[in-house]
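Mapping of the sequence shown onto the numbering used here: position 70 corresponds to residue 89, and the numbering continues sequentially without gaps. Glycine residues also receive a C-beta, built at the ideal position from the N, C-alpha and C atoms. For clarity, every value in this text was computed on a predicted model and none was experimentally measured. The next block holds one structure in the form of structure tokens; read it before the comments.
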Amino acid sequence: MRESEAVALPPTTDTIAAIATAPGTGAVGVVRVSGPGAHAVADAVFRPASGVMPSSLGPGRVTFGRVAAGGEVVDEALLLTFRAPSSYTGQDAVELQTHGGPAVLRRVLELCLEAGARAAGPGEFTLRAFLNGKLDLAQAEAVLDLVNASSEAARRNAAGGLTGELSRLIGEVQTAVTTAYAEVQAGFDYPDEGVPEARLKEPLERALRGIDDLLATAEAGRLSRDGARLALLGRPNVGKSSLLNALLGYQRSLVSDVPGTTRDYLEAPLVLAGVPLTLVDTAGIRATTDALEASGVDLTHAIAAASDLRVLLLDSSRPLGPEDRALLRAFGNDENGRGTVVVASKTDLYPAWEPSDLGDGHDVINVSALTGAGLGELRRVLTDRLVGAAAGLELWVGNERHLQALRRARESVSAALHGSDELAALDLQDALGHLAAITGREGVAEETLASIFARFCVGK
Ligand code: GDP
Numbered sequence: 020m021r022e023s024e025a026v027a028l029p030p031t032t033d034t035i036a037a038i039a040t041a042p043g044t045g046a047v048g049v050v051r052v053s054g055p056g057a058h059a060v061a062d063a064v065f066r067p068a069s070g071v072m073p074s075s076l077g078p079g080r081v082t083f084g085r086v087a088a089g090g091e092v093v094d095e096a097l098l099l100t101f102r103a104p105s106s107y108t109g110q111d112a113v114e115l116q117t118h119g120g121p122a123v124l125r126r127v128l129e130l131c132l133e134a135g136a137r138a139a140g141p142g143e144f145t146l147r148a149f150l151n152g153k154l155d156l157a158q159a160e161a162v163l164d165l166v167n168a169s170s171e172a173a174r175r176n177a178a179g180g181l182t183g184e185l186s187r188l189i190g191e192v193q194t195a196v197t198t199a200y201a202e203v204q205a206g207f208d209y210p211d212e213g214v215p216e217a218r219l220k221e222p223l224e225r226a227l228r229g230i231d232d233l234l235a236t237a238e239a240g241r242l243s244r245d246g247a248r249l250a251l252l253g254r255p256n257v258g259k260s261s262l263l264n265a266l267l268g269y270q271r272s273l274v275s276d277v278p279g280t281t282r283d284y285l286e287a288p289l290v291l292a293g294v295p296l297t298l299v300d301t302a303g304i305r306a307t308t309d310a311l312e313a314s315g316v317d318l319t320h321a322i323a324a325a326s327d328l329r330v331l332l333l334d335s336s337r338p339l340g341p342e343d344r345a346l347l348r349a350f351g352n353d354e355n356g357r358g359t360v361v362v363a364s365k366t367d368l369y370p371a372w373e374p375s376d377l378g379d380g381h382d383v384i385n386v387s388a389l390t391g392a393g394l395g396e397l398r399r400v401l402t403d404r405l406v407g408a409a410a411g412l413e414l415w416v417g418n419e420r421h422l423q424a425l426r427r428a429r430e431s432v433s434a435a436l437h438g439s440d441e442l443a444a445l446d447l448q449d450a451l452g453h454l455a456a457i458t459g460r461e462g463v464a465e466e467t468l469a470s471i472f473a474r475f476c477v478g479k
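Here is the structure:
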């Protein structure tokens with residue numbers, strides 16, 4: 020469903036069912052049922068080996084039996100029973116675990132629907148959890164991010180959101196803003212004196228620090244979700260392919276001592292500081308005829324421009340040539356994206372030049388792909404360029420909706436800090452509104468909720 024179509028929330032008091040496991044075959048598959056009729060649905064489709072009907076079972080039970088209807092046995096199954104409010108959704112719920120074949124799961128779901136459940140739409144279980152107060156909105160969104168996380172950092176951030184770490188940090192900012200708001204309110208009672216400046220300044224500055232700490236992780240959060248491109252630049256034979264292999268820890272690239280052997284550029288995935296990177300080796304972008312060579316140079320520039328970060332290799336064992344100097348001029352002081360890291364390669368060999376030969380203050384990292392010397396330092400510098408100070412923080416905020424709310428809250432807090440007392444009350448109310456929108460306990464438009472939950476998969 021496209022987000023623009025999702026305007027209304029589905030009903031939340033009927034009984035819904037969905038296959039909760041991924042499409043395809045698996046050892047185990049799960050069909051989830053939630054709502055007041057969940058146990059009645061289980062009575063209709065499940066035959067417990069013990070003979071005790073599901074609706075008579077206590078909560079938090081696992082029961083072995085069969086999914087069956089009439090004379091038809093669909094599969095052996097485990098039934099998990101939950102009673103409101105102690106379930107994911109906060110409603111009465113059951114889960115049927117069967118073998119994970121698509122035909123089995125489709126049939127189990129069909130029987131649940133025949134027994135009176137409605138087929139759940141995307142995110143309906145988590146929507147119910149949110150509306151029943153089991154999760155706040157930031158946590159519900161973290162469920163989505165967790166399911167979609169493809170890198171360790173994205174998973175860690177989503178887990179931080181789910182366990183309420185983000186909500187806790189937002190809560191600290193809210194406390195600071197509320198303290199300031201109370202001061203402003205108290206000031207209205209003594210209009211002649213006004214609010215002593217210091218009593219507003221401390222909590223508001225604390226709130227700004229809290230917001231800024233979260234905003235400072237925005238880029239790292241985005242990178243951990245979307246990934247980044249890192250291009251290896253340098254003239255032929257400087258050791259780009261060898262460095263790529265050394266960073267990857269396995270042989271990905273064709274290495275040869277004939278210049279220009281790799282005819283094409285290569286891409287390989289690597290995770291650094293939790294950020295999924297695509298390493299682009301431009302080794303092959305050079306060919307034998309002048310025309311092709313020119314187009315190779317264009318391609319190198321295009322790849323360099325399209326990457327978030329560049330590593331420029333200069334062979335330390337050979338004198339610097341005009342081509343090295345041209346690359347250094349083009350990319351060495353480059354402010355584009357996260358800039359260029361200059362590497363002196365093959366430092367296990369006798370050096371033909373010194374970093375000072377490069378002229379004005381280039382930071383050079385000495386690396387030998389052969390011995391591995393300097394690789395750790397290179398990884399550290401790349402990590403720093405990619406995520407900076409966020410590397411040491413537990414939680415990165417990558418959710419655009421949260422970031423926007425934080426930026427707006429920052430504007431309002433800053434306005435309260437620098438404006439008049441009369442307007443401060445309004446500014447602080449605005450700030451509290453923006454912060455509350457992140458956890459979504461109140462005042463979040465139905466369309467916003469609908470568009471958030473429409474991005475979930477069915478069964479979540
Ligand atoms: P590319 O053309 O820039 O990709 O360079 P390659 O990675 O193909 O390396 C060119 C040559 O340099 C090969 O013979 C490599 O074995 C050699 N080489 C690469 N890195 C090192 C290194 O760190 N030390 C030494 N001694 N030789 C290296």
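Report task. Using only alpha-carbon positions, find the residue among Ser336, Arg244, Val299 that is nearest to leucine 267. Result -> Val299
Requested in this report: Could you check which residue in Val49, Ile471, Ala161, Gly43 has the C-alpha nearest to that of alanine 27?
Outcome: Ile471
Query raised in the report: Is asparagine 167 near the ligand GDP, with its Cβ less than 7 Å from a heavy atom?
Result: no
Report task. Would you decide whether arginine 147 is buried or exposed? Buried here means 16 or more other CB atoms lie within 10 Å of its CB. Result -> buried
Report task. Give, in chain order, every unbroken run of the alpha helix (DSSP H) that is at least 4 residues long and sits entirely within the stretch 193-249. Result -> 216-234, 237-245
Query raised in the report: Taking the alpha carbon of glutamate 396 as the point to measure from, which residue in Ala408, Val406, Val383, Leu389 has its own alpha carbon closest?
Result: Val383
Query raised in the report: Between the Cα of proline 67 and the Cα atoms of Leu76, Val477, Phe83, Gly90, which residue gives the shortest distance?
Result: Phe83
**Report entry** Counted within 10 angstroms of its Cβ, other Cβ atoms place glutamate 202 as buried (16 or more) or exposed
**Finding:** buried
Query raised in the report: Sorry if obvious, but does the Cβ on aspartate 367 come closer than 7 Å to a heavy atom of the ligand GDP?
Result: yes
Report task. Take every Cβ of the stretch 117-125, pair it with every Cβ of the stretch 84-103, and state whether three or more of those distances are shorter than 8 Å. Result -> yes
Query raised in the report: For the ligand GDP, any of its heavy atoms closer than 7 Å to the Cβ of proline 338?
Result: no
**Report entry** Secondary structure of glutamine 270, DSSP reduced to three states
**Finding:** coil
Query raised in the report: According to DSSP, is leucine 264 helix, strand or coil?
Result: Reading off the sequence, residue 264 comes out as asparagine, not leucine. Helix.
**Report entry** Reference leucine 98; option with closest CA among Gln110, Ser105, Asp111, Val81
**Finding:** Val81
Query raised in the report: Per DSSP, what kind of secondary structure is asparagine 167 in: helix, strand or coil?
Result: helix
Query raised in the report: With respect to the beta strand (DSSP E) encompassing proline 67, which residues constitute its N-terminal and C-terminal limits?
Result: 65-67
Query raised in the report: Do you know whose CA, among Leu389, Leu447, Ala464, lies nearest glutamate 195's CA?
Result: It is alanine, not glutamate, that sits at residue 195 in the sequence shown. Considering only alpha carbons, the answer is Leu447.
Query raised in the report: Count the other CB atoms within 10 Å of the CB of glutamine 423; is the residue buried (16 or more) or exposed (fewer)?
Result: exposed
Requested in this report: List the endpoints of the continuous beta strand (DSSP E) containing leucine 99.
Outcome: 91-101
Requested in this report: Within the same chain, show all residues whose beta-carbon is closer than 6 Å to that of alanine 161, passing over the 5 residues directly before and after it, in chain order.
Outcome: Ala177, Gly180, Leu181
Requested in this report: Determine the closest residue to phenylalanine 475 out of Gly391, Thr319, Gly77, Leu165, with distance taken between C-alpha atoms.
Outcome: Leu165
Report task. Specify, as a first and last residue, the run of the beta strand (DSSP E) that phenylalanine 472 falls within. Result -> Phenylalanine 472 -> not in any beta strand (DSSP E); alpha helix (DSSP H) instead, spanning 465-473.
**Report entry** Cα-Cα separation, alanine 159 to arginine 357
**Finding:** 33 Å
Report task. Evaluate the contact criterion for the stretch 123-136 versus the stretch 31-41: three or more CB pairs, one atom per stretch, below 8 Å. Result -> yes
Query raised in the report: Among Glu413, Ser326, Asp317, Ala46, which one has its Cα closest to the Cα of leucine 233?
Result: Glu413
**Report entry** Delimiting residues of the beta strand (DSSP E) encompassing valine 400
**Finding:** It is not in any beta strand (DSSP E) - valine 400 instead sits in the alpha helix (DSSP H) that spans 394-406.
Query raised in the report: Out of curiosity, what's the CA-to-CA distance linking aspartate 276 and serine 260?
Result: Unreliable placement is indicated for aspartate 276, whose pLDDT of 48 sits below 50; the coordinate value is still reported in the next sentence. Distance between the alpha carbons of aspartate 276 and serine 260: 11 Å.
Query raised in the report: Do phenylalanine 144 and threonine 100 have their CB atoms nearer than 8 Å?
Result: no
Report task. Work out the CA separation of proline 78 and histidine 58 for me, nearest whole Å. Result -> 11 Å
Query raised in the report: What residue from Ser186, His437, Ser387 has the CA that sits closest to lysine 513's CA?
Result: What the structure shows of the chain is the stretch from 20 to 479, and residue 513 is not part of that stretch, so it cannot be assessed.
Query raised in the report: Leaving out the 5 sequence neighbours to the left and right, which residues in its chain are closer than 8 Å to aspartate 155 when beta-carbon positions are compared?
Result: Phe149, Gly183, Ser186, Thr458, Gly459, Arg460
**Report entry** Sequence-distant residues of the same chain with beta carbon closer than 6 Å to leucine 311, five excluded per side
**Finding:** Confidence at leucine 311 is low in this model, with a pLDDT of 48, below 50, so its placement is unreliable and no value can be given for it.
Query raised in the report: Leaving out the 5 sequence neighbours to the left and right, which residues in its chain are closer than 7 Å to arginine 21 when beta-carbon positions are compared?
Result: Because arginine 21 carries a pLDDT of 44, less than 50, the predicted location of this residue cannot be relied on, and the following value inherits that uncertainty. Excluding sequence neighbours, arginine 21 sits near nothing in its chain.
Requested in this report: Pick out the complete alpha helix (DSSP H) segments inside the stretch 71-145, 4 residues or longer, and give them in chain order.
Outcome: 121-133
Query raised in the report: Going by other Cβ atoms of all chains shown within 10 Å of its Cβ, with 16 needed for buried, is alanine 363 buried or exposed?
Result: buried
Report task. Tell me, please, which residues DSSP counts as bridged to leucine 298. Result -> Leu249, Ala287
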